[in-house]
Amino acid sequence: MINDHRFSGRVALVSGAASGIGRAVAERLLAEGCRVAGLDLRGEAPEGALPVAGDVSVSADVDAAVQRVHQELGAVDVLVCAAGIPGRSLRTVDVDDAEWGRVMAINADGVFFCNRAVIPGMVERGYGRIVNVASIAGKEGNPMAAAYSASKAAVIALTKAIGKDLARTGVVVNCIAPAVIETPILEGLSEEHVGYMVERIPMGRMGTADEVAALVGWLASEECSFSTGATYDISGGRAVF
Numbered sequence: 002m003i004n005d006h007r008f009s010g011r012v013a014l015v016s017g018a019a020s021g022i023g024r025a026v027a028e029r030l031l032a033e034g035c036r037v038a039g040l041d042l043r044g045e046a047p048e049g050a051l052p053v054a055g056d057v058s059v060s061a062d063v064d065a066a067v068q069r070v071h072q073e074l075g076a077v078d079v080l081v082c083a084a085g086i087p088g089r090s091l092r093t094v095d096v097d098d099a100e101w102g103r104v105m106a107i108n109a110d111g112v113f114f115c116n117r118a119v120i121p122g123m124v125e126r127g128y129g130r131i132v133n134v135a136s137i138a139g140k141e142g143n144p145m146a147a148a149y150s151a152s153k154a155a156v157i158a159l160t161k162a163i164g165k166d167l168a169r170t171g172v173v174v175n176c177i178a179p180a181v182i183e184t185p186i187l188e189g190l191s192e193e194h195v196g197y198m199v200e201r202i203p204m205g206r207m208g209t210a211d212e213v214a215a216l217v218g219w220l221a222s223e224e225c226s227f228s229t230g231a232t233y234d235i236s237g238g239r240a241v242f
């Protein structure tokens, strides 16, 4: 159910807004009255959002993006870090240095850079909501996905640390751990890899980006006021603790 006034007067920055979970989140925030900027490598964003081109794995790009949003939309109240890549479906011994570095740079470094860039302004104003997109792989580990699993575990640990750092500032920081979600990110994975993930979901299906966006919408809102550093599963029953 859409609440078209929930984010009235708020400004959000969503990384990875060109497709998948990031796009669904950006559209949800827009529908609920938020001014939204989408940070993406290709500089694409849903209609109604400010498109900002940048590479989340480059801290200077992230800092410049936050400055542009501040100038054109206003100070960032909400950050959603949804930019990420799955990496290649490889046995651990076949993951070379370049592949490991590429996945960690986008999935872990990128979340850190984005969080770091918005925190000072949020703390100064005494309000902020940060939602980082992790994965069930970061809690359980998936075969054929050592780099991806490690990067998402890093997001979960980073969220815990930042949430505690900022616990008395008015800024809350949480993350989500989806199971497999039907988005374009799956195109880079093998059929075996995707099948492994779906087989472990008791509901017997993939999740949708809109289902994830509904959870993120609450975590990004004023209603989420006594939860920080937490990981919220959205896994069709795969994770129950």
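Heads up: the sequence shown at position 98 corresponds to 99 in my numbering, and the numbers run straight through without jumps.
Don't be surprised by glycine CBs; every beta carbon is placed ideally from N, CA and C.
* To do: Could you tell me which uninterrupted beta strand (DSSP E) segments, each at least 3 residues in length, are contained entirely in the segment 26-85, listed from first to last along the chain?
  => 36-41, 51-54, 79-82
* Asked: Could you check where the beta strand (DSSP E) with residue 176 kicks off and where it finishes?
  -> 172-179
* Specify, as a first and last residue, the run of the beta strand (DSSP E) that residue 133 falls within. => 129-134
* To do: Give me the Cα-Cα distance between residue 44 and residue 63, rounded to the nearest whole angstrom.
  => 13 Å
* Asked: In terms of DSSP beta bridges, what is residue 235 paired with?
  -> 179
* Asked: At what residues does the alpha helix (DSSP H) containing residue 151 begin and finish?
  -> 147-166
* Quick one: give me the first and last residue of the alpha helix (DSSP H) that residue 14 is part of. => Careful: residue 14 lies outside any alpha helix (DSSP H), inside the beta strand (DSSP E) at 12-16.
* How about residue 233 and residue 178: do their beta carbons lie closer than 8 Å? -> yes
* What first and last residue would you give for the alpha helix (DSSP H) that runs through residue 126? -> 111-126
* **Among 116, 39, 188, the one whose alpha carbon lies nearest that of residue 159** => 116
* Can you tell which of 201, 60, 223 has the C-alpha that lies nearest to the C-alpha of residue 142? -> 201
* Burial state of residue 9, where buried means 16 or more other Cβ atoms lie within 10 Å -> exposed
* **CB of residue 106 within 8 Å of CB of residue 150, strictly** => no
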